[in-house]
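For the sequence shown, the numbering used here begins at 697 and goes up steadily by one.
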Amino acid sequence: MNRLWQQLVGSARAVWAWLPTTVDRRVRFIAWASLVSQTLIVGTGGAVRLTGSGLGCPTWPRCTEDSFVATPEMGIHGIVEFGNRLLTFVLVIIAIAAFAFVVRMRRERPELLRLSIALGLGIPAQAIIGGITVLTNLNPWIVGFHFVVSTALVALATVLVYRVYRGPASRSLAVPSPVRMLGLATAVGAWITVLVGIVVTGSGPHAGDGGAARNGLDSELLQHVHSWPAYATAALSVALLVVAVRLGMPRLQRAVVALLVVEAVQIVVGVAQARLGLPEILVGVHMVLACVLIAAVTRVLLEMRLSRAEQQAPAVEPAEPVLVAR
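Structure representation (structure tokens):
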């Protein structure tokens, strides 16, 4: 028994010694894995909804009253819904790995530990919200809240990736306050666009199940309302790019260009799906792009604050003039 205990202690020490003490490629990989997986599960959740598989597993936490897994008798809808539930365990594994890979940096990089914990806690919270959506027969408002939490987790994962590469943030702005306000207005516009889009989806035909209720709002009218903050956000992004170019801020320029590309694609997909009668594939792409939009606008906000290393970097003094004898 003592030998077994010594072996376990020795193995634990070896694993602890193997864990990173500084940001390396393992930490960068797991940060990207967090962001990609949080976005991917939105896509699989969209597939559940768009294939009418929202009640493929009619109860929760079990798939049926007698089984935790889908049975052959449940058909394709049970497989799709159960597959989406299984992906939650992949997110749990990634969250545990993210926590493990930053835990030895808890004193030097406490923000990475806090972000990994927040992402980890968000996964069971999302599982519970998902269970409530099933138990309430896919109530559209709860389904919408489920999506809001998903986008918030995407934003957190974006911050994790950014901080892994850029280091901890300082309290100093990298841009003038009016530019910061313009960036905040752009971010608010993006979030309003996503929130209105969620309400639009709750009024449309893709309920996730033939018997699920809709929110009762006018879907056609809401599609027009949805476009207003989308175009306003695009206009604000263009203004922000112009300011970034004029002030000579290359990193902010790149972030805003990426945001504008996402917005342009999202607008094209949104218009196309409305004109074509909301085909499932375009609706699914539109949902995933909403998460990409939130990630892009989050990066724009992050570029507006100096990292601690940038703040502490010594200022470059101007060179003294050299007198040339004539």
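Backbone N, C-alpha and C define an ideal beta-carbon position, used for all residues, glycine too.
Which of helix, strand or coil DSSP assigns to residue i
{"i": "Ala886", "result": "helix"}
{"i": "Pro869", "result": "Looking at the sequence provided, one finds Leu at residue 869 rather than Pro. The answer is strand: DSSP assigns Leu869 an E or B state."}
{"i": "Trp837", "result": "helix"}
{"i": "Ala729", "result": "helix"}
{"i": "Gly818", "result": "helix"}
{"i": "Thr1035", "result": "There is no way to answer for residue 1035, as the model of the chain reaches only from 697 to 1022."}
{"i": "Ala908", "result": "coil"}
{"i": "Met877", "result": "helix"}
{"i": "Gly827", "result": "helix"}
{"i": "Glu916", "result": "helix"}
Length of the line joining the Cα atoms of residue i and residue j
{"i": "Phe795", "j": "Ile819", "result": "13 Å"}
{"i": "Arg722", "j": "Thr784", "result": "22 Å"}
{"i": "Val860", "j": "Ser868", "result": "19 Å"}
{"i": "Arg910", "j": "Leu917", "result": "15 Å"}
{"i": "Val786", "j": "Ala729", "result": "10 Å"}
{"i": "Trp714", "j": "Arg800", "result": "10 Å"}
{"i": "Gly750", "j": "Val776", "result": "9 Å"}
Candidates the options: closest to residue i by CA position
{"i": "Ile990", "options": "Ile888, Ser866 and Ala1005", "result": "Ile888"}
{"i": "Thr832", "options": "Pro754, Asn698 and Pro901", "result": "Pro754"}
{"i": "Glu1006", "options": "Gly893, Leu956 and Ala865", "result": "Ala865"}
{"i": "Val979", "options": "Val964, Val850 and Ala992", "result": "Val964"}
{"i": "Thr829", "options": "Gly904, Leu811 and Gly771", "result": "Gly904"}
Per DSSP, cross-strand counterpart(s) of residue i
{"i": "Arg1001", "result": "Leu869"}
Cβ neighbour criterion (16 or more within 10 Å) applied to residue i
{"i": "Leu700", "result": "exposed"}
{"i": "Asn780", "result": "buried"}
{"i": "Phe764", "result": "exposed"}
{"i": "Pro836", "result": "buried"}
{"i": "Arg669", "result": "Examination of residue 669 is not possible in this model, given that the chain is present from 697 through 1022 alone."}
{"i": "Ile824", "result": "exposed"}
{"i": "Val855", "result": "buried"}
{"i": "Leu955", "result": "buried"}
{"i": "His920", "result": "exposed"}
{"i": "Ser846", "result": "buried"}
{"i": "Ser707", "result": "exposed"}
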